[in-house]
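Printed below as a string of structure tokens:
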């Protein structure tokens, strides 16, 4: 077998990245867009020593769980990997992914396949979207999403995961760029002006934010564009974000108000939040309620506990915990997020919470060792890379009765659980939450407790 050969495969499994896995003469192939149960014809694209990659050419026999994608751009766009799979089958795929990581990486034998909390309507759930702008081969300005593993823009202004207002926002921005000959940013040369448009919507309030990410500090006739955007019901905040660096990071740190407030508000259950362009805020408010309810359940608070919320962002989980705890301490490295957290606490009248700026792995040891602040419960919701080793070590030193770990990457979660379980703790409960329907990503909530002798 060699590159460009055409082969027939029975797809018997799926990778953690959503690729179909089939074997031919004992050799494993990964096939994007193939679904478990399919029989496909594929073209070999790359050969490694023990495996290869192939492109789906034709579906010979469809799997029972195959479905028609809900978006015409699904196969080209890098955002959704599972749109060709039935939704219930997706939940099963994600449950197996969590289970396999906990067993294979975490060494947690006997872990059962967890429940993954799904959605009744898994469309239009994203309250945030970031649209890159660029030029197509004919030089026309386009916006949409990046193709998988590239920065080639697939034109798409109506992602079915996002809100319906996004399309009208993008149409108005493109029209303004055409009228005033405003160039899109070009990564290779660092020239051009408009890099991205970021949108946010408060699902509880209907408030909408538009943030124009510029390779500069001003936009021609910005007031005119703002007036046009104000025609969209719910428009609350229009800003410019300055990012003049040669970087793949979307947002810069400088914000320039154009019209309206510098933030929008939203509510989860009965907790209110102010959200700026730079704020971390869960993108799926429907599932966030389920996620936070599970965190509260696992935390087992009675009203007297001291709780640490590590990687707290704008205090979303902290304020939930504060309703049931004696005292909550939140730690976050981003100063702007901590400023938002303080405002959110004030807005909700929450007085039993205190926030600290800094790395969790630095703040936690300092406050524990120098000031003796203990923890009955620690809640941790780290970035995809998981917890820093110093933070894990201090968590163990503090000897909380319970640790509630919220993870967006079950592989790094499993690695951290392996350490904690080797230091006197054990996993008691595991549950998944489908925050990102049609993608391979899944949130996991784990209750970890001290081992009983």
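Numbering (the working numbering), first residue to last: 76 to 528.
Here a beta-carbon is modelled for each residue, glycine too, at the ideal position from N, C-alpha and C.
Please classify residue i as buried or exposed, where buried requires at least 16 other C-beta atoms within 10 Å of its C-beta.
i           : result
residue 141 : buried
residue 198 : exposed
residue 407 : buried
residue 451 : buried
residue 302 : exposed
residue 106 : buried
residue 207 : buried
residue 92  : exposed
residue 461 : buried
residue 94  : buried
residue 359 : buried
residue 89  : buried
residue 466 : buried
residue 509 : buried
residue 377 : exposed
residue 536 : Outside the modelled stretch of the chain, which goes from 76 to 528, sits residue 536, for which no answer is possible.
residue 362 : buried
Hey, could you find the ends of the beta strand (DSSP E) residue i is sitting in?
i           : result
residue 384 : 381-385
residue 286 : 283-289
residue 270 : 269-276
residue 341 : 339-343
residue 494 : Note, residue 494: premise wrong, no beta strand (DSSP E); alpha helix (DSSP H) at 485-496.
One question on the structure: do residue i and residue j come within less than 7 Å of each other, judged by their Cβ atoms?
i           : j           : result
residue 111 : residue 82  : no
residue 304 : residue 332 : no
residue 488 : residue 523 : no
residue 416 : residue 390 : yes
residue 166 : residue 191 : yes
residue 471 : residue 498 : yes
residue 99  : residue 117 : no
residue 403 : residue 428 : yes
residue 512 : residue 319 : no
residue 27  : residue 279 : A query on residue 27 cannot be resolved here, the shown segment of the chain reaching from 76 to 528 and no further.
residue 104 : residue 84  : yes
residue 506 : residue 308 : no
residue 316 : residue 288 : yes
residue 222 : residue 154 : no
What span of residues does the alpha helix (DSSP H) with residue i cover, start to end?
i           : result
residue 462 : Premise fails: residue 462 is in no alpha helix (DSSP H) and is neither H nor E.
residue 176 : 162-179
residue 246 : 240-255
residue 295 : Run containing residue 295: none; DSSP gives neither H nor E here.
residue 419 : 410-422
residue 354 : Here residue 354 belongs to no alpha helix (DSSP H), and DSSP marks it neither H nor E.
residue 368 : 360-374
residue 443 : 435-446
residue 394 : 391-397
For chain C, find out if any of its Cβ atoms is closer than 7 Å to the Cβ of residue i; answer yes or no.
i           : result
residue 515 : Included in the structure is just one protein chain, with no chain C present.
Is there at least one non-hydrogen atom of the ligand PLP closer than 6 Å to the beta-carbon of residue i?
i           : result
residue 209 : The model on display carries no ligand, and the ligand PLP is accordingly not part of it.
Report the CB separation of residue i from residue j in whole angstroms; it is logged as a contact under 8 Å.
i           : j           : result
residue 387 : residue 405 : 3 Å
residue 277 : residue 339 : 5 Å
residue 244 : residue 294 : In fact, because the Cβ distance is near 15 Å, the residues do not count as touching under 8 Å.
residue 262 : residue 224 : Not really, about 15 Å apart at Cβ, beyond 8 Å.
residue 312 : residue 335 : 5 Å
residue 249 : residue 260 : In fact, because the Cβ distance is near 14 Å, the residues do not count as touching under 8 Å.
residue 525 : residue 476 : 6 Å
residue 119 : residue 175 : The pair is not a contact, with the Cβ atoms about 27 Å apart (cut-off 8 Å).
Handout entry: the region 227-237 in contact with the region 278-298 per 3-pair CB rule at 8 Å
Key = no
Practice task
Report yes or no: do the region 450-458 and the region 478-497 share at least 3 C-beta pairs separated by less than 8 Å?
Solution key: yes
Practice task
Report yes or no: do three or more beta-carbon pairs, one from the region 388-406 and one from the region 415-424, lie closer than 8 Å?
Solution key: yes
Problem - At least 3 beta-carbon pairs within less than 8 Å: the region 232-245 vs the region 162-182 - result: no
Handout entry: Touching by the beta-carbon criterion (3+ pairs, under 8 Å), the region 194-211 and the region 345-363
Key = yes
Exercise for the section: May I ask you to verify whether the region 99-114 touches the region 183-193, counting CB pairs closer than 8 Å and requiring at least 3? Expected result: no
Problem - the region 210-222 contacting the region 376-388, beta-carbon criterion three pairs below 8 Å - result: no
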